[in-house]
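2 protein chains.
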Amino acid sequence: MSKLINNKTEIVADFMRGLKQSHPDLDVDIENRVVYRKTPAVGDKVALVSGGGSGHEPLHSGFVGLGMLDAACMGEVFTSPTPQQIVRAIEKVSTSAGVLLIVKNYAGDIMNFEIAAERAERNGIKVRSVTIDDDVAGGKLPSDGGRGMGLTVFAEKILGAAAENGMSLDGLCELGQDLRTRGRSMGIGMSSCTHPVAGVPTFELGEDEIEVGIGIHGEPGWRRARAGSAQDTAKLLVESILAELAAPEQSSFIVLVNGMGGTPLIELYVMAGEIHRELIERGHSVDRYLVGSHITSLEMAGCSLTLLQSDAESLKYWDAPVSTPALNWGVAA
Amino acid sequence: MSKLINNKTEIVADFMRGLKQSHPDLDVDIENRVVYRKTPAVGDKVALVSGGGSGHEPLHSGFVGLGMLDAACMGEVFTSPTPQQIVRAIEKVSTSAGVLLIVKNYAGDIMNFEIAAERAERNGIKVRSVTIDDDVAGGKLPSDGGRGMGLTVFAEKILGAAAENGMSLDGLCELGQDLRTRGRSMGIGMSSCTHPVAGVPTFELGEDEIEVGIGIHGEPGWRRARAGSAQDTAKLLVESILAELAAPEQSSFIVLVNGMGGTPLIELYVMAGEIHRELIERGHSVDRYLVGSHITSLEMAGCSLTLLQSDAESLKYWDAPVSTPALNWGVAA
C-alpha cells in the first residue's frame, strides 16, 4: 500500500508545515522539529513540554495548545528526538515557574530527555520530569518496565489543565506521580504497520490472529492469540489492566478507548460498549470516556485501553477547557 | 485482518450502545437505529435530521449535538436506512418550525428519505430536504450525478449553526442550495475495505496503485493510476475539483482534508500542507482547515478533499459553537 508522503526522509517536516497551516494558534520550528503555541502562556505558569518519535499522531504535536502542552518536539518516525531538539523546545517556552517534561518510558526518550534537562538546568531553567510507564504488557517483556502508552494523553490533559490553573512545578510532579499509580494501559494489534523508510510491514499476522500487548512502534507484543469477539477482547484488556492496577472495589474511571491508527471508529465504539459492560459487571463505574485514535502506531489496526482511577481533582482538570488540534472543548468562543 | 466486532449483524446496535455510554448528551433508539440529542432543542428551532448507511463514522451519528444535527438514523453498513427509521427520527425531534433533511445523493437514500418525508408530512410535520452531491468524480461514472461526500460535513455544521441561530426552514433550504453550488469533493483510495458481512475486500489494488475518484462505500473509482507523491495527489485533487467548481480568481475556501478511515493523521497533515501550496499557487487562499477522518469508508486507506468557497456567512456559522462527539469547539464550559 502506498502512503500519502513526498520524500520519506521529509515526512516530519512536511507534516509540521501542514499542521501550522491548519492551526493558526500553533507555530513550528522546522529545523529543530518543535511545535509550540504561537502565543506563549502568560505569567508564572509552568510550561509543559513533551515529545518522542513521530508516527503516533495526534500525540504529541496535536496536544499543543491552551490547557495541554506548551511545546512538543518530534523525532523521526519511531525515533527519539535528540537532546538538542528537546533543549530548543524547553528554551522556547520556559517560564520563571519552570518546565515540566512528560516523557514516555522508552530507553532513548529517557536518555535524551535527561541530557536535555541537565543542559537546560545549566542554563538556569528549572526542569523536572514525569515518566509515563503505564503499559501492563511491558512488564512481561524483556524491557525496562511498562512502556508509555495512553496514560500519556491523560497526563498531558490533566497536568496541562493543572498548570493552566497555576499549579507549581512541585505540585505537578506530585500529581504526575499520582497519575502513574492510578493509570494502566494495554493494547492489541490486528495488523502490523509499515515504517515509511523500511517500506515493509514490521511483522506479519494471520487473518485470525491478534498480537496481545502490542507497543506503539509496530513492535510485536508478548503473545499471539486467536482473534475473538469485541467482547472477548474487552474482557482480556480489562482483566489484564485490573490485575496490575490496585483499584479498590467500586472504583470509578476515566477511560480511553484508543485506536492504533487503522481501526475505524465504528469498531472503537463497539469496544467502548463492551468495556463499559466489563467494568460495570465488576462493580466499577465510568466517569468519562474518550474514544478515538489519540496515540497511534501509523496505520496499525488494533486498539488500546487505558483506565485511570478518577477522583474530584482529576475530573476537574479533565473537564477544564482545552483548545488543541486533537482535543478541544469547553473554551468560550 | 480481524475486526473488533461481536455478531456481524449487530455491529450498528453495538456501536450505538458504546456511543451512548461515551456521550451522555446523546440518547439512542436501538430498535429504530436513531441517535438523538437527549435534551431536545428548544422553541421554534428547525430540527436537522440526517442519516445513511453505517461505516462512515463519525458521519452522521458523531455529528449529533448542539450546533449540528438533532438526530441521525443509521442503516446497516453501507445500506440506506429504511423509510420507517427516518420517520421515527423525524418524529423524535420535529418542532413547529419544521424539519430539514440532509440527504447524500445515493439512489437508496434519496428514495427512502423522500418516502419518509411524505409520510411525516401526512402526519402534519413540515419537512424539506437538501441533497448533497459534491463528488466531482461521480459525474464521470454511470450514476446519477455527484455522490454525497465531504460537503455533507460542512452542510451539517453550517446549516446546524444557522438553525441554532433561528434561521427558518426556507432560509436553511436556500443556504443549503447555496452550499451545493459552492462546494465540491474528490477522493482517492490506497486500499479497499472489507464489508463485515462479505468478509473479503471489495476490490484489490496493487502496491503502487491508487483508485482515483473513489466513493465512500468501498466501490472503485473512475480510473486507476500509479501512486504518486503527496504533492502529485494534492495537485490531482485540487485540479479536478477546481475544474468543476466555478470559483472566481482569488477565492477563499474552507478545506476538509479527510481520511477514509485507515490513513494515519501524519499523512493527512502532509496532504494539508501540499493542498495549501496548490491553492496558494493558483492565487486562492484558505480561511479554515479541518483535517481528520470525518466521512470514512470503514478502514479504507486514502483521503478525500472538499473545497467550499467561503464567505462571511459560512465562516460565521463554521466558527459557531458546536458540541458533538466528533466536532467540538467554542462552547463555554
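So the protein lines, in turn, are chains A and B.
Read in order, the letters of the first sequence are residues 46 to 378 in the numbering used here.
Read in order, the letters of the second sequence are residues 46 to 378 in the numbering used here.
Just so you know, even glycine gets a beta-carbon here, dropped at the ideal spot from N, CA and C.
In chain order, what residues of the same chain have a beta carbon less than 6 Å from the beta carbon of residue 378/A, not counting five sequence neighbours either side?
As a first step, residue 378/A must be located in the first sequence, where it is residue number 333. Because residue 378/A sits at a pLDDT of 42, beneath the cut-off of 50, its placement in the model cannot be relied upon, and the point is left open.
Which residues of chain A have a Cβ atom closer than 7 Å to the Cβ of residue 48/B, listed in chain order?
Start at 1 with the first residue of the second sequence, and residue 48/B comes out as number 3. Chain A residues near residue 48/B: 312.
Checking contacts by CB at 7 Å: is residue 334/A closer than that to chain B?
As a first step, residue 334/A must be located in the first sequence, where it is residue number 289. Yes, residue 334/A lies at the interface with chain B (some Cβ there is under 7 Å from its Cβ).
Interface residues of the segment 49-63 of chain B facing chain A [CB-CB below 7 Å]
Here the close residues are 49, 50, 51, 56, 59, 60, 62, 63.
Can you confirm whether the segment 347-357 of chain B touches the segment 112-123 of chain B when touching is taken to mean that 3 or more C-beta pairs between the two stretches lie within less than 8 Å?
The segment 112-123 of chain B vs the segment 347-357 of chain B: no contact.
Quick check: residue 270/A and residue 255/A, are their CB atoms within less than 7 Å of each other?
For the purposes of this step, residue 270/A is taken as residue 225 along the first sequence, with counting starting at 1. For the purposes of this step, residue 255/A is taken as residue 210 along the first sequence, with counting starting at 1. Against a cut-off of 7 Å, the Cβ pair of residue 255/A and residue 270/A comes out as a contact.
With 7 Å set as the bound, which would you pick, yes or no: does the beta-carbon of residue 262/B sit closer than that to a beta-carbon of chain A?
Position 217 of the second sequence, counting from 1, holds the residue named residue 262/B. Chain A has no Cβ within less than 7 Å of the Cβ of residue 262/B.
Give the secondary structure of residue 326/B by DSSP, where H, G and I count as helix, E and B as strand, and everything else as coil.
Walking along the second sequence from the start, residue 326/B turns up at place 281. Residue 326/B falls in the helix class under three-state DSSP.
Members of the segment 247-258 of chain A that neighbour chain B once the beta carbon cut-off is set at 9 Å
Taking 9 Å as the upper bound on Cβ-Cβ separation, chain B lies near residues 250, 252, 253, 254, 255 of the segment 247-258 of chain A.
Near residue 203/A, which residues of its chain fall below 8 Å by C-beta distance, leaving aside the five closest residues on each side in sequence?
Translated into the one-based positions of the first sequence, residue 203/A becomes position 158. For residue 203/A, the CB contacts under 8 Å within the same chain, skipping 5 residues up- and downstream, are 220, 224, 359, 362, 363 in chain order.
Kindly list, in the order they appear in chain C, the residues whose Cβ is closer than 9 Å to that of residue 235/A.
This model lacks chain C altogether; the protein chains it does include are A and B.
Residues of chain B with CB under 8 Å from residue 272/A, in chain order?
Here residue 272/A refers to the residue found at position 227 of the first sequence. Chain-ordered, the chain B residues with CB closer than 8 Å to the CB of residue 272/A read 47.
So what does DSSP say about residue 60/B, is it helix, strand or coil?
Within the second sequence, residue 60/B is the residue found at index 15, counting from 1. The three-state reading of DSSP puts residue 60/B in helix, counting H, G and I together.
Proximal residues, the segment 65-81 of chain B versus chain A, C-beta separation under 7 Å
So the close ones are 66, 67.
Check whether the segment 340-349 of chain B touches the segment 82-92 of chain A, counting contact only when three or more Cβ pairs, one atom from each stretch, lie closer than 8 Å.
Result no; under three Cβ-Cβ pairs closer than 8 Å.
For residue 369/A and residue 98/A, believed in contact at Cβ under 8 Å, the rounded distance
Numbered from its first residue, the first sequence carries residue 98/A at position 53. Numbered from its first residue, the first sequence carries residue 369/A at position 324. Their Cβ separation, rounded to whole angstroms, is 19 Å, which puts residue 98/A and residue 369/A out of contact at 8 Å.
Chain B contact for residue 343/A (CB, 7 Å cutoff)
Residue numbering aside, residue 343/A sits at position 298 when the first sequence is read from its first letter. Chain B contact via Cβ: present.
Which complete alpha helix (DSSP H) runs does the segment 143-207 of chain A hold, if anything under 4 residues is left out?
As far as the segment 143-207 of chain A is concerned, its whole alpha helix (DSSP H) runs of at least 4 residues are 152-167.
Name the chain A residues that come within less than 9 Å of residue 363/B, Cβ to Cβ?
Residue mapping note: residue 363/B aligns to position 318 of the second sequence, counting from 1. What residue 363/B touches in chain A: nothing, since even the nearest Cβ is about 12 Å away.
Alpha carbon of residue 211/B to alpha carbon of residue 251/B, nearest angstrom
For the purposes of this step, residue 211/B is identified with residue 166 of the second sequence, where counting begins at 1. For the purposes of this step, residue 251/B is identified with residue 206 of the second sequence, where counting begins at 1. For residue 211/B and residue 251/B, the distance between alpha carbons rounds to 51 Å.
Own chain residues within Cβ distance below 7 Å of residue 85/A, not counting five before or after:
For the purposes of this step, residue 85/A is taken as residue 40 along the first sequence, with counting starting at 1. So the list reads 138, once near-sequence residues are dropped.
Whose C-beta lies closer than 7 Å to the C-beta of residue 371/B among residues of the same chain, with five residues either side of it excluded?
Looking up residue 371/B in the second sequence gives position 326. Excluding positions up to five away in sequence, the list reads 103, 107, 108, 339.
Taking 7 Å as the CB-CB limit, is residue 378/B close to chain A?
Along the second sequence, read from residue 1 onward, the residue named residue 378/B stands at position 333. The predicted model places residue 378/B with a pLDDT of 42, which falls under 50 and marks its position as unreliable; any figure quoted below should be read in that light. Taking Cβ atoms only, chain A reaches closer than 7 Å to residue 378/B, which makes this a yes.
Neighbourhood of residue 180/B by C-beta distance below 6 Å, restricted to the same chain and skipping five residues each side:
Within the second sequence, residue 180/B is the residue found at index 135, counting from 1. Residues of the same chain with a CB within less than 6 Å of the CB of residue 180/B, apart from the 5 flanking positions on each side, are 191, 192, 194, 230 in chain order.
Can you tell me where the alpha helix (DSSP H) with residue 131/A in it begins and where it stops?
By 1-based counting over the first sequence, the position of residue 131/A is 86. Under the DSSP assignment, residue 131/A falls in the alpha helix (DSSP H) whose first and last residues are 128-138.
contact_flag[the segment 234-253 of chain B, the segment 315-330 of chain B] where n(CB pairs < 8 Å) is 3 or more
With a cut-off of 8 Å on Cβ pairs, the segment 234-253 of chain B is not in contact with the segment 315-330 of chain B, counting fewer than three such pairs.
Amino acids of chain A, ordered along the chain, whose beta-carbon sits closer than 8 Å to that of residue 99/B
Position 54 of the second sequence, counting from 1, holds the residue named residue 99/B. Think of a sphere of 8 Å around the beta carbon of residue 99/B: the chain A residues whose beta carbon falls inside it are 311, in chain order.
Below 8 Å on the Cβ atoms is my guess for residue 233/A versus residue 259/A; work out the distance and round it to an integer in Å.
Numbered from its first residue, the first sequence carries residue 233/A at position 188. Numbered from its first residue, the first sequence carries residue 259/A at position 214. About 6 Å separates the beta carbon of residue 233/A from that of residue 259/A, a gap short enough to meet the 8 Å contact definition.
Cross-strand partners of residue 255/A (DSSP beta bridge):
Taking the first sequence and counting its residues from 1, the one referred to as residue 255/A is at position 210. Answer is 270/A.
Taking the C-alpha atoms as reference points, what is the distance between residue 308/A and residue 307/B?
Working through the first sequence from its first residue, we reach residue 308/A at position 263. Working through the second sequence from its first residue, we reach residue 307/B at position 262. When only Cα atoms are considered, residue 308/A and residue 307/B end up about 6 Å apart.
Shortest alpha-carbon distance to residue 240/A belongs to which of 59/A, 366/A, 123/A, 72/A?
Position 195 of the first sequence, counted from the first residue, corresponds to residue 240/A. Of the candidates 59/A, 366/A, 123/A, 72/A, the one whose C-alpha sits nearest the C-alpha of residue 240/A is 123/A.
Residue 161/A: which of 273/A, 129/A, 65/A sits nearest, CA to CA?
Against the first sequence, residue 161/A aligns to sequence position 116. Residue 129/A is the option with its Cα nearest to residue 161/A.
Determine whether the beta carbon atoms of residue 365/A and residue 200/A lie at a separation below 7 Å.
Taking the first sequence and counting its residues from 1, the one referred to as residue 365/A is at position 320. Taking the first sequence and counting its residues from 1, the one referred to as residue 200/A is at position 155. At a Cβ-Cβ threshold of 7 Å, residue 365/A and residue 200/A do not count as neighbours.
Which class does residue 333/B belong to by DSSP, given the choice of helix, strand or coil?
Locating residue 333/B in the second sequence gives position 288, counting from the first residue. Here residue 333/B carries a strand assignment [DSSP, helix/strand/coil].
Short-range partners of chain A found in the segment 315-326 of chain B, where Cβ spacing is below 7 Å
Cβ contacts with chain A come from 315, 316, 317, 318, 321.
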